[in-house]
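S.K.: This structure is in structure tokens; I'll ask about it shortly.
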Amino acid sequence: MIIRAPLRLRHGRIALPKSSPLHHHPSTRRFNSSLETDTPTSSVVGVPTFIDTTSSLPATSRPDSLPAVPINDPNHPVALDYAFFQHQKSALAGTGSVLSPHYKPYQLLSNPPYPRDITLELLIASQSHLGHATSLWNPANSRYIFGVRDGVHIISPDVTASHLRRACKIVSGVTERGGLVLFVGTREGHARAVVKAAGMAKGCHLFTKWIPGSITNGQQILGGCAKKVVNELDQEVEGFEAQLGSKAALKPDLVVCLNPLENYILLHECGLNNIPTIGIIDTDANPTWVTYPIPANDDSLRCVQVVAGVLGRAGQEGQEARARLARRGIVSY
1 MIIRAPLRLR
11 HGRIALPKSS
21 PLHHHPSTRR
31 FNSSLETDTP
41 TSSVVGVPTF
51 IDTTSSLPAT
61 SRPDSLPAVP
71 INDPNHPVAL
81 DYAFFQHQKS
91 ALAGTGSVLS
101 PHYKPYQLLS
111 NPPYPRDITL
121 ELLIASQSHL
131 GHATSLWNPA
141 NSRYIFGVRD
151 GVHIISPDVT
161 ASHLRRACKI
171 VSGVTERGGL
181 VLFVGTREGH
191 ARAVVKAAGM
201 AKGCHLFTKW
211 IPGSITNGQQ
221 ILGGCAKKVV
231 NELDQEVEGF
241 EAQLGSKAAL
251 KPDLVVCLNP
261 LENYILLHEC
271 GLNNIPTIGI
281 IDTDANPTWV
291 TYPIPANDDS
301 LRCVQVVAGV
311 LGRAGQEGQE
321 ARARLARRGI
331 VSY
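21 is the number that full-length UniProt numbering gives to position 21 of the sequence shown; each next residue is one higher, with no gaps.
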């Protein structure tokens, strides 16, 4: 156990405890002896002696003899340093650079890119160039493959960009002429991208299982769905309710399939009814299943969101072009 004697403080510059040769270091005794003067000390044992050492200092070195410096003195060192800091801050305010992220994947759904925004950097950042293992490839995709990396086929990004731009032209052309586009994505995570793309293109969407026969036998499956007649400005025209019951079920003019491997029946029905199709074709898929293939990675949600968003924007541009012509009284379909 360590017991420390309390230090009794009095008014003064130096407070020393009770002198004890057993507890003081020799250097401390020498220091205390150097402070001995003829000044009478207290006769009480145990009370420390206080010595004023400022009396022996020169007059110019005493604290009370230092000149007082005004608080607002502009020549004070602290004021000069602060002024220099403010000058440097204002002089360097316009220098440097701001690092803003160019790739924001969270905006692929809220603000999808336009067809003019298709770049190789965007496609590579969305992992569209990654294919499957070389043992799973379809030889019909050899013209889309750039090479092999660690046993995985690499899809050429420039081929993906060119095929995606071609698909955008097709979607915008169909919507500009009043066509109906169906967006299909039945994998987990495709629902939001499919609904967003269909909303921009004013088309239809499907994110659940495809009901076989919805196209080839659409009158029996979709015959009870509600129908309406609209004019060139997409305004509903009344007076045709009695005649709509005998009309055949609507069929899409274009189908965009984000996962062709799970929707072969849908693509087969589209082929039987001469409906063009657009699909994401990975290295393990058959490119002959769709009319306009887009070689890309169908397992990456970011890649699927990029493709769906760009095609949805293309459909939106086609709808806007059709609306501009309709307001001028021009109907091209």
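Glycine residues also receive a C-beta, built at the ideal position from the N, C-alpha and C atoms.
Can you give the beta carbon distance from residue 360 to Pro-157, rounded, assuming they're within the 8 Å contact cut?
M.R.: As displayed, the chain neither begins before 1 nor continues past 333, which places residue 360 out of reach and without an answer.
S.K.: Look up Phe-183 in the DSSP assignment and give the residues it is bridged to.
M.R.: For the purposes of this step, residue 183 is taken as residue 183 along the sequence shown, with counting starting at 1. Paired residues: His-205 and Val-256.
S.K.: With a threshold of 7 Å on Cβ separation, who are the neighbours of Cys-303 within its own chain once the five nearest residues in sequence on each side are excluded?
M.R.: Taking the sequence shown and counting its residues from 1, the one referred to as residue 303 is at position 303. Excluding sequence neighbours, Cys-303 sits near Ser-126, Gln-127, Ser-128, Ala-296 and Asn-297.
S.K.: Here's a check: name, in chain order, each residue in its chain whose Cβ is nearer than 6 Å to the Cβ of Thr-291, leaving out the five neighbours to either side.
M.R.: Taking the first residue of the sequence shown as position 1, residue 291 is located at position 291. For Thr-291, where only same-chain residues beyond five positions count, the Cβ hits under 6 Å are Pro-276 and Thr-277.
S.K.: Count Cβ pairs between the stretch 256-273 and the stretch 170-189 that sit closer than 8 Å; are there 3 or more?
M.R.: Contact between the stretch 256-273 and the stretch 170-189 is present, because at least three Cβ pairs lie under 8 Å.
S.K.: Report, in whole angstroms, the separation of the C-beta atoms of Ile-215 and Cys-270, which I expect to be a contact under 8 Å.
M.R.: As a first step, residue 215 is located in the sequence shown; it is residue number 215 there, counting from the start. As a first step, residue 270 is located in the sequence shown; it is residue number 270 there, counting from the start. Confirmed, about 7 Å.
S.K.: How about the stretch 109-119 and the stretch 77-93: do they share at least three Cβ pairs that are nearer than 8 Å?
M.R.: Counting Cβ pairs under 8 Å, fewer than three are found: no touch.
S.K.: By DSSP, does Pro-115 sit in helix, in strand, or in coil?
M.R.: Residue mapping note: residue 115 aligns to position 115 of the sequence shown, counting from 1. Three-state DSSP puts Pro-115 in a helix.
S.K.: Let me check one thing: in DSSP terms, what residues is Val-229 bridge-paired to?
M.R.: Looking up residue 229 in the sequence shown gives position 229. Val-229 is bridged to Val-237.
S.K.: Within 10 angstroms of its Cβ, does Ala-242 collect 16 or more other Cβ (buried), or is it exposed?
M.R.: Position 242 of the sequence shown, counting from 1, holds the residue named residue 242. Exposed.
S.K.: Measure from the alpha carbon of Gly-213 to the alpha carbon of each residue in Gln-107, Gly-223, Ile-281 and Lys-247, then state which is nearest.
M.R.: For the purposes of this step, residue 213 is taken as the residue at position 213 of the sequence shown. When only C-alpha atoms are compared, the closest one is Gly-223.
S.K.: Could you check what DSSP says for Pro-198 in three-state terms: helix, strand or coil?
M.R.: Position 198 of the sequence shown, counting from 1, holds the residue named residue 198. It is worth fixing the name first, because residue 198 is Ala in this sequence and not Pro. Ala-198: helix per DSSP, three-state reduction.
S.K.: Looking at Gly-279 and Ile-265, is the spacing between their C-beta atoms short of 8 Å?
M.R.: On the sequence shown, position 265 is the one that residue 265 refers to. On the sequence shown, position 279 is the one that residue 279 refers to. Their beta carbons are not under 8 Å apart, which means Ile-265 does not touch Gly-279 by this criterion.
S.K.: What are the boundary residues of the beta strand (DSSP E) that Arg-149 is part of?
M.R.: For this step, residue 149 is matched to residue 149 along the sequence shown. Run containing Arg-149: 145-149, per the beta strand (DSSP E) assignment.
S.K.: Roughly how many angstroms lie between the CA atoms of Thr-208 and Thr-160, to the nearest whole one?
M.R.: Your numbering for residue 208 matches position 208 in the sequence shown. Your numbering for residue 160 matches position 160 in the sequence shown. The straight-line gap from Cα to Cα measures roughly 27 Å.
S.K.: So, at 6 Å on beta carbons, what are the nonlocal neighbours of Asp-38 in its own chain, with the 5 sequence-adjacent residues on each side left out?
M.R.: Here the question's residue 38 lines up with position 38 in the sequence shown. Note that Asp-38 scores 49 on pLDDT, short of 50, meaning its location in the model is unreliable; the coordinates nonetheless yield the value given after this. There are no such residues.
S.K.: Would you tell me roughly how many angstroms separate the C-alpha atoms of Asp-117 and Asp-299, rounded to the nearest one?
M.R.: As a working mapping, residue 117 is identified with position 117 in the sequence shown. As a working mapping, residue 299 is identified with position 299 in the sequence shown. Distance between the alpha carbons of Asp-117 and Asp-299 is about 22 Å.
S.K.: What is the DSSP secondary structure of Val-174, reduced to helix, strand or coil?
M.R.: Counting from 1 along the sequence shown, the entry for residue 174 is found at position 174. Looking at Val-174 - three-state DSSP - the assignment turns out to be helix.
S.K.: Can you check which of these residues, Leu-182, Leu-206, Ala-201 and Gly-199, is closest to Ala-191 by C-alpha distance?
M.R.: Reading the sequence shown from its first residue, position 191 is the one you call residue 191. Residue Leu-206 is the option with its Cα nearest to Ala-191.
S.K.: Assign Tyr-82 to one of three DSSP states: helix, strand, or coil.
M.R.: Position 82 of the sequence shown holds residue 82. If DSSP states are grouped into helix, strand and coil, Tyr-82 belongs with the helices.
S.K.: Please name the residue, chosen from Arg-313, Ser-332, Ala-321 and Phe-146, that lies closest to Met-200 on a Cα-to-Cα basis.
M.R.: Along the sequence shown, one-based indexing puts residue 200 at 200. Among Arg-313, Ser-332, Ala-321 and Phe-146, the Cα nearest to that of Met-200 belongs to Arg-313.
S.K.: Helix, strand or coil: how does DSSP classify Pro-212 here?
M.R.: On the sequence shown, residue 212 is found 212 positions in, with the first residue counted as 1. Of the three classes helix, strand and coil, the one that applies to Pro-212 here is coil, per DSSP.
S.K.: Starting from the Cα of Leu-136, find the closest Cα among Asp-282, Lys-202, Leu-311 and Asp-81 and give me that residue.
M.R.: By one-based count along the sequence shown, residue 136 stands at place 136. Closest option to Leu-136, Cα to Cα, is Asp-282.
S.K.: Let me know the secondary structure DSSP gives Thr-95 once reduced to three states.
M.R.: Residue 95 sits at position 95 when you count from the first residue of the sequence shown. Note: Thr-95 maps to coil in three-state DSSP.
S.K.: In the DSSP assignment, what are the bridge partners of Pro-293?
M.R.: Taking the first residue of the sequence shown as position 1, residue 293 is located at position 293. BP columns for Pro-293 point to Gly-279.
S.K.: From which residue to which residue does the alpha helix (DSSP H) around His-268 run?
M.R.: Taking the sequence shown and counting its residues from 1, the one referred to as residue 268 is at position 268. Unbroken alpha helix (DSSP H) run through His-268: 264-272.
S.K.: Just curious, the beta strand (DSSP E) that Ile-154 is in, first and last residue?
M.R.: Taking the first residue of the sequence shown as position 1, residue 154 is located at position 154. Residues 152-155.
S.K.: Since Ala-193 contacts Ala-308 with CB under 8 Å, what's their CB separation in whole angstroms?
M.R.: Within the sequence shown, numbered from 1, the residue matching residue 193 stands at position 193. Within the sequence shown, numbered from 1, the residue matching residue 308 stands at position 308. Confirmed, about 4 Å.
S.K.: Just curious, the beta strand (DSSP E) that Ala-133 is in, first and last residue?
M.R.: One-based indexing of the sequence shown puts residue 133 at position 133. Run containing Ala-133: 130-133, per the beta strand (DSSP E) assignment.
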